[in-house]
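Chains as they are written, first to last, in the numbering used here: chain A, 1 to 98; chain W, 99 to 196; chain F, 197 to 294; chain E, 295 to 392; chain C, 393 to 490. For reference, the structure discussed in these notes is given below.
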């Protein structure tokens, strides 16, 4: 699962039937401090994430198929949480890398 | 799932039998503004995507096996949508990264 | 499975129901000597890892679904071990790369 | 699935029993114009690919297990096609990125 | 599957119960000529690989679960072969990239 930022919506008229009615968003994986990291992913969104909001996305195909209600869907990435806060760990209990 | 651009067709005479009759295309993952991102993928195409068109590709193996109609197929990536438009999110409701 | 360092906690009020009650942590994959390597992952933690502690994380979705007790969960990455020590291999038995 | 070039053979005396009798090759993922892209993969080869030949490789574990005839095999990547030709798409019907 | 070099052992007292009794090693993916490529992986080792030895590692979760004898294990990467030799392909039959 990745921390990501919602960066756009996709419109696709021709698509796999299981995506009908689902919002597709472009999610840019980011680091804790908001820097872009790695390849953007296209995810389905059932939580109503706002543009530029930070979210958690997961690549679990079986859960995505359940979410769209089609066991034959090629859906993989989905938004699984909307992030309220990232605690940067300033009160570290232990730092095992000297 | 990745946003990608169709960049070529592949011809392969010797191949796994489950790929017979399927169009194989090279899809370059791209960012929202069209920059290449990461490794190109070879995908099967059932939607008739045009060259240089923007598409959504998915790595879901179980759906690809269903698509080609062979439960033993090694197919993984497939084109699952053809992109009409990418909304760049200029009307952001919320920007949680200051 | 990746060697990683715990770098933050996530708070998410709106999330998939299977994540209720689970701690979500940001884990930065690292090399043997502690350098950041690749994209940070969001993982569930059942072992009580401390901030900045080195851990082993796994992307096994089926095990994560078992861990959270929900066969429909989109959970994937989880902390599967807390690292006490990394032996840097100074007493190599064999070095096959001359 | 990735477009790749065969770059070497591996000899391994001690290995998982399911690999007995299978040729193991190093496949370097490449772009459409032959540039190396990303991490080389070790794949099983049932198609008899020649050294330096361009191939399509797939990471589908279930198909690889079927190929080696052992449902408990850890095999993942396999060569699924030998590329005759890559059409670079000079006759694009549509270019959606201006 | 990746060609990798064993670069360290991990000690972890608190860990998922399925890892009890298993050696955990850090494996750095490498190219054919021994250069580091991509993110190091933590793998279970049942073949007794020596430090700095070249190995083949696989990410197949189902096989790893079988290996550790626990269908609920989050184990994914395992060493599946110890490399004796890498043939660099000096006698190429065909070079399809001019």
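Built from N, CA and C at the ideal position, the CB exists for glycine as well.
Does DSSP put residue 86 (chain A) in a helix, a strand or coil?
-> strand
Check whether residue 74 (chain A) and residue 158 (chain W) have beta carbons under 8 Å apart | yes
Short check: CB of residue 276 (chain F) to CB of residue 197 (chain F), under 8 Å?
-> yes
When the Cα of residue 460 (chain C) is compared with those of C:469, C:397 and C:411, which residue comes out closest?
-> C:411
Take residue 242 (chain F) as the anchor and find which of F:212, F:261 and F:224 has the nearest alpha-carbon.
-> F:261
Residue 429 (chain C) versus residue 149 (chain W) - alpha carbon distance = 32 Å
Under three-state DSSP, which class holds residue 192 (chain W)?
-> Because the pLDDT at residue 192 (chain W) is just 37, under 50, the model does not fix this residue reliably, and the value given afterwards should be weighed accordingly. In this structure, residue 192 (chain W) counts as coil in the three-state DSSP scheme.
Min CB distance residue 323 (chain E) to chain C below 8 Å = no
Does the ligand ZN have a heavy atom nearer than 7 Å to the CB of residue 368 (chain E)?
-> Ligands are entirely absent from the displayed structure, and the ligand ZN is therefore not among its contents.
Residue 311 (chain E) versus chain C: which residues are under 9 Å apart at the beta carbon?
-> Within 9 Å Cβ-Cβ: nothing; residue 311 (chain E) doesn't reach chain C, min ~10 Å.
Could you round the C-beta distance between residue 29 (chain A) and residue 49 (chain A) to whole angstroms and report it? I think they count as a contact, below 8 Å.
-> Contact flag wrong, Cβ pair sits at about 14 Å.
Option nearest residue 169 (chain W) by Cα separation, candidates E:366, E:356, E:371 and E:370 = E:356
My understanding is that residue 21 (chain A) touches residue 130 (chain W), with C-beta atoms under 8 Å, so please give their C-beta distance in whole angstroms.
-> With a Cβ gap of about 23 Å, residue 21 (chain A) and residue 130 (chain W) do not count as contacting.
Determine the DSSP secondary structure at residue 68 (chain A), reduced to helix, strand or coil.
-> helix
Hey, does residue 259 (chain F) have any beta-carbon neighbour from chain A nearer than 8 Å?
-> no
Ordered along the chain, which non-local residues of its own chain (more than five positions away) have a Cβ less than 6 Å from that of residue 408 (chain C)?
-> 466
Can you list the residues of chain A that residue 265 (chain F) reaches, using a CB-CB cut of under 7 Å?
-> Ordered by position in chain A, no residue passes the 7 Å Cβ test against residue 265 (chain F), which lies about 14 Å from the chain.
Beta strand (DSSP E) containing residue 127 (chain W): first to last residue?
-> 121 to 127
Name the DSSP bridge partner or partners of residue 139 (chain W)?
-> W:125
Kindly list, in the order they appear in chain A, the residues whose Cβ is closer than 9 Å to that of residue 149 (chain W).
-> The premise fails here: residue 149 (chain W) is roughly 16 Å from chain A at the closest Cβ pair, so nothing lies under 9 Å.
Specify the secondary structure class of residue 50 (chain A) as computed by DSSP and reduced to three states.
-> coil
Given that a residue counts as buried once 16 or more other Cβ atoms are within 10 Å of its Cβ, and exposed if not, what is residue 445 (chain C)?
-> buried
State yes or no: is the C-beta of residue 240 (chain F) within less than 8 Å of the C-beta of residue 210 (chain F)?
-> no
Spatial neighbours of residue 336 (chain E) in its chain, beta-carbon cut-off 8 Å, leaving aside the 5 residues before and after = 304, 318, 319, 320, 321 and 371
Can you find a C-beta in chain F that's less than 8 Å from the C-beta of residue 399 (chain C)?
-> yes
Got a sec: is the Cβ-Cβ distance from residue 200 (chain F) to anything in chain A below 8 Å?
-> no
Beta carbon proximity, residue 143 (chain W) to chain A, threshold 8 Å = no
Is residue 105 (chain W) helix, strand or coil when you go by DSSP?
-> strand
Residues of the segment 468 to 481 of chain C with Cβ closer than 8 Å to any Cβ of chain E, in chain order = 470, 472, 473, 474, 475, 476, 477, 478, 479, 480 and 481
When the Cα of residue 479 (chain C) is compared with those of C:404, C:426 and C:398, which residue comes out closest?
-> C:426
Taking just the CA atoms, how far does residue 253 (chain F) sit from residue 208 (chain F)?
-> 21 Å
Should residue 295 (chain E) be flagged as near chain W, meaning a C-beta pair shorter than 8 Å?
-> yes
Straight-line gap, residue 83 (chain A) to residue 6 (chain A) (C-alpha atoms, nearest Å) | 11 Å
Contact with chain F by residue 450 (chain C), beta-carbon distance below 8 Å = no
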